[in-house]
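Worksheet: one structure, shown below.
2 protein chains.
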Amino acid sequence: MQKYGGTSVGNIERIRAVARRCLATQRQGHDVVVIVSAMSGETNRLLALAKQLSELPSERELDVIVSTGEQVSVGLVALAIHAEGGEAVSLLGHQVRILTDSAFSRARIKEIDARAIGSALKDGKIAVIAGFQGVDESGNITTLGRGGSDTSGVAIAAALKADVCEIYTDVDGVYTADPNVVPNARKVSRISYEEMLELASLGAKVLQIRSVEFGMKFGVPIHVRSSFNDNEGTWVVPEEKAMESVMVSGVTATRDESKITLHGISDQAGIQAMVFRPLAAAGIVVDVIVQAYVQNGRTNLTFTLPAADLARARDLLIKQCGHLCTPDQIKAETNLSKVSVVGVGMRSHAGVALKMFEILARENIGVQLISTSEIKISCVIDEKYAELAVRALHDGFDLDKG
Amino acid sequence: MQKYGGTSVGNIERIRAVARRCLATQRQGHDVVVIVSAMSGETNRLLALAKQLSELPSERELDVIVSTGEQVSVGLVALAIHAEGGEAVSLLGHQVRILTDSAFSRARIKEIDARAIGSALKDGKIAVIAGFQGVDESGNITTLGRGGSDTSGVAIAAALKADVCEIYTDVDGVYTADPNVVPNARKVSRISYEEMLELASLGAKVLQIRSVEFGMKFGVPIHVRSSFNDNEGTWVVPEEKAMESVMVSGVTATRDESKITLHGISDQAGIQAMVFRPLAAAGIVVDVIVQAYVQNGRTNLTFTLPAADLARARDLLIKQCGHLCTPDQIKAETNLSKVSVVGVGMRSHAGVALKMFEILARENIGVQLISTSEIKISCVIDEKYAELAVRALHDGFDLDKG
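So the protein lines, in turn, are chains Z and R.
So in the numbering used here, the last spot in the first sequence is 402, and the numbers never skip.
So in the numbering used here, the last spot in the second sequence is 402, and the numbers never skip.
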């Protein structure tokens, strides 16, 4: 099972390279199933066409249009394999039958029929499968959301009980931090699904988060590696097999965060629902939520959200929460960053949070909000300190030493 | 039922115009089904991508790739209809279920399921259907060959028992001759299927020939008209309804014809099969065949073929018909044109052939070969006289007078 992203099939030369790699794998005695994305730039070209017609295009029709990107790719990859002397057959979402729900543009896979793929493999062919796309019960074409080809790859690997799902991309693997920020960031050779999930949700763009969920749920080992060389990449595997049980596996930072604080509002029952219902209805995703300083029945409620949604969220609160607070009580702040350290080792090591606060304090970086999970600690800080914080944490937790 | 060609959906502005026309038709109280081609240039762009990988690409994969052109078009037309305030749903070949045989790149329609279209219409929606594509019994994507969207349109109109199949194109209708050659050529308001079939097979490129066959077989009136204005075009209808029962309906000329004559070969039984079997096996289409001058058991066999196939055909005959004739006996000639007059009126009017020969003789145009059908007379002449012949015949048969 190999999955290739858009840059890996970005032009005819690269498509030929993909074909050669598939055939090399086949010659080693493996059955080869390859999942491909649209050629890089193609999805955006198609979206731009649609946007010329409508600001809010029908998601059903948008899926019909953008799914053609992968359709062209699978045809070309199959032709390239033929040209290199191999046998291959392309399969679209509705031909494999990758059954999804009907949530166009963000569909979830319900079931994958492995028979069409199996019969291609039995004939000695390489099965070339369109990523990102599926079909619902009524035969409508659906897509899985941006980066959905990763999810297709892992889900198909699970359905086929494949030995491994190799995700070929334009980076060498998963790093302890963004190498552009931290020059001595180190490639991680093994990482657990849980850690990868936290890293993915914290902005590391190597793997789509749902693909990691699938891998974890069905126990598919995922190997993230570069399509431009033969180096080993990063294996994403069950926790017991993740050998590097260090305290912290990686450091990430998100950007363009903002926060809203409702000051001194009445601490009545159900107040949180009153605040967050209008935001959810408007599709605004709220991240860290902190409630504090209860005094005389009054409380401060603070939450973070993407900066792009800030103005809209503020307007909604002013309009719909007038009974809770005046506009003056709603304070908005932007240019924030969420810096996080992730590691399954935290479960057994006390003091990771303390160490994180000490490192940030040493650099005089003020922490505005804190959020923790079992294997992650996040601090919301002023965005201008984000890179400094990542470097200091990477050094402080000795991540360059492995 | 409206079908739009590639130039009619060639850019976003034209797609909007298509949407407005569909909605105008719907407001007149009609159920509207629209068949669309790929945006002009798109099919060639996709073919060029494939050709970079392989000189002789797999036709199955080619169909997967090129069918995306229509897929993008239907999505965009549906979005355009939404943007104009209408309701529409796109349907691909496998979603309608346009069942074809498995002859990739030139598939023939076997059956059309009208249910998905019917249910869209029942919901008050405009059904926007991808032309040119279908699906075989195994779920493989097929295409119907160049111009196949016309065939899709007429076949779907037949399946739905539509009142009319309107074919929107970049010309105003069917003319008595090519207006570029004959300035006073006249638009024909009604023409019979039989005449249209002859015209289509003689090089008039307004309609794909198989679409006319479908129209005839199922009695679907076809209205060929321009997508750039509201003028009435040409109605292609059963013969009894074709009001203009003139002797001749149109004049056409094909170009780039060539001919081969086998001189003085033995007139033994089965000789024609011996000559044409190797050509058919090589996919060379032979057109007019004339056999003459039988003397002492010797005969001359002459036939025409596209100039592009001439050299290959000559080589094949030399190699495989050595027992029939020497290379010296095989004469090839090129730069020929086949000029034809077509009209159902010929059936009841004697002397059309004579009149044609007289008109050509008056212009000193030598006729090399003659071929006739019930409603058509063709003369093979020197190509340099083709335009002169068309003009002379158009005038001689008073086609400008209607």
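For every residue, glycine included, the Cβ atom is placed at its ideal position computed from N, Cα and C.
Keep in mind the model is a prediction, meaning the values are calculated, not measured.
Bridge-paired residues (DSSP) for residue i
i: Leu68 of chain Z; result: Checking the sequence, you will find Thr at residue 68 of chain Z rather than Leu. None; Thr68 of chain Z has no bridge partner.
i: Ala424 of chain Z; result: What the structure shows of chain Z is the stretch from 1 to 402, and residue 424 of chain Z is not part of that stretch, so it cannot be assessed.
i: Asp382 of chain Z; result: Z:Leu336
i: Phe303 of chain Z; result: Z:Ile260 and Z:Ile289
i: Gln95 of chain Z; result: Beta-bridge pairing links Gln95 of chain Z to no other residue.
i: Ala127 of chain R; result: R:Val33 and R:Val89
i: His349 of chain Z; result: In the DSSP output, where bridge partners are listed per residue, His349 of chain Z has none listed.
i: Lys331 of chain R; result: R:Thr261
i: Ala253 of chain Z; result: Z:Val339
i: Lys3 of chain Z; result: Z:Ile35 and Z:Ile167
i: His404 of chain Z; result: What is shown of chain Z runs 1 to 402, which leaves residue 404 of chain Z out entirely.
i: Ser266 of chain Z; result: Z:Arg298
i: Gln133 of chain Z; result: Z:Thr143
i: Leu399 of chain Z; result: BP columns for Leu399 of chain Z are empty, so no partner.
Spatial distance of residue i from residue j (CA atoms)
i: Ser348 of chain R; j: Glu374 of chain R; result: 10 Å
i: His30 of chain R; j: Gly147 of chain R; result: 26 Å
i: Arg314 of chain Z; j: Tyr4 of chain R; result: 48 Å
i: Thr100 of chain Z; j: Ala185 of chain R; result: 56 Å
i: Glu111 of chain R; j: Arg14 of chain R; result: 31 Å
i: Arg157 of chain Z; j: Arg210 of chain Z; result: Reading off the sequence, residue 157 of chain Z comes out as Ala, not Arg. Distance between the alpha carbons of Ala157 of chain Z and Arg210 of chain Z: 14 Å.
i: Ala403 of chain Z; j: Arg21 of chain R; result: Not covered by the structure: residue 403 of chain Z. The range shown for chain Z is 1 to 402.
i: Pro278 of chain R; j: Thr261 of chain R; result: 16 Å
i: Ala269 of chain R; j: Thr151 of chain R; result: 40 Å
i: Leu202 of chain Z; j: Ser340 of chain Z; result: 7 Å
i: Glu61 of chain R; j: Lys51 of chain R; result: 12 Å
i: Ala120 of chain R; j: Leu91 of chain R; result: 10 Å
i: Val89 of chain R; j: Arg391 of chain Z; result: 52 Å
i: Ala350 of chain Z; j: Ala116 of chain Z; result: 51 Å
i: Gly86 of chain Z; j: Ala19 of chain Z; result: 9 Å
i: Glu195 of chain R; j: Gly343 of chain R; result: 6 Å
i: Tyr193 of chain R; j: Thr176 of chain R; result: 15 Å
i: Asp256 of chain R; j: Ile381 of chain R; result: 11 Å
i: Met216 of chain R; j: Thr143 of chain Z; result: 41 Å
i: Lys205 of chain Z; j: Leu76 of chain Z; result: 26 Å
i: Leu316 of chain R; j: Val367 of chain R; result: 27 Å
i: Gly93 of chain Z; j: Arg27 of chain Z; result: 27 Å
i: Leu23 of chain Z; j: Ile126 of chain Z; result: 8 Å
i: Arg298 of chain R; j: Val286 of chain R; result: 22 Å
i: Arg16 of chain Z; j: Trp235 of chain Z; result: 26 Å
i: Asp172 of chain R; j: Ile284 of chain R; result: 34 Å
i: Leu46 of chain R; j: Glu333 of chain Z; result: 49 Å
i: Ile365 of chain R; j: Lys384 of chain R; result: 10 Å
i: Leu207 of chain Z; j: Gln133 of chain Z; result: 17 Å
i: Glu84 of chain Z; j: Ala308 of chain Z; result: 48 Å
i: His223 of chain Z; j: Asn229 of chain Z; result: 14 Å
With 16 other Cβ atoms within 10 Å as the buried cut-off, status of residue i
i: Phe303 of chain R; result: buried
i: Leu56 of chain R; result: exposed
i: Thr326 of chain R; result: exposed
i: Val225 of chain R; result: Checking the displayed sequence, the identity of residue 225 of chain R turns out to be Arg instead of Val. It counts as buried.
i: His82 of chain R; result: buried
i: Phe218 of chain Z; result: exposed
i: Val74 of chain Z; result: buried
i: Gly6 of chain Z; result: buried
i: Pro221 of chain R; result: buried
i: Glu198 of chain R; result: buried
i: Leu305 of chain R; result: buried
i: Leu2 of chain Z; result: According to the sequence displayed, residue 2 of chain Z carries Gln and not Leu. The residue in question, Gln2 of chain Z, is buried, as its Cβ has 16 or more Cβ neighbours within 10 Å.
i: Gln95 of chain R; result: buried
i: Ser249 of chain R; result: buried
Cβ separation of residue i and residue j, assumed to be a contact under 8 Å, to the nearest whole Å
i: Gln71 of chain R; j: Thr68 of chain Z; result: 5 Å
i: Val128 of chain Z; j: Val66 of chain Z; result: In fact, because the Cβ distance is near 19 Å, the residues do not count as touching under 8 Å.
i: Gly135 of chain Z; j: Arg190 of chain Z; result: A small fix is needed here, since residue 135 of chain Z is Val in this sequence, not Gly. In fact, because the Cβ distance is near 35 Å, the residues do not count as touching under 8 Å.
i: Asp63 of chain R; j: Ile167 of chain R; result: Between Ile167 of chain R and Asp63 of chain R the Cβ distance is about 23 Å, and since that is not below 8 Å, they are no contact.
i: Ala353 of chain R; j: Ala253 of chain R; result: Rounded, the Cβ-Cβ distance is 17 Å, inconsistent with contact.
i: Val174 of chain R; j: Val154 of chain R; result: So it is not a contact: roughly 15 Å between Cβ atoms.
i: Leu310 of chain R; j: Ser258 of chain R; result: 4 Å
Any non-hydrogen atom of the ligand FMN within 6 Å of residue i CB
i: Gly86 of chain R; result: The ligand FMN is absent from the structure shown, which contains no ligands of any kind.
Chain-ordered chain C contacts of residue i [CB-CB under 7 Å]
i: Pro57 of chain R; result: Chain labels in this structure do not include chain C; the protein chains are Z and R.
*Which ranges would you report for the beta strand (DSSP E) in the region 157 to 194 of chain R if only whole runs of at least 3 residues count?*
Qualifying beta strand (DSSP E) stretches, in chain order: 165 to 169 and 190 to 192.
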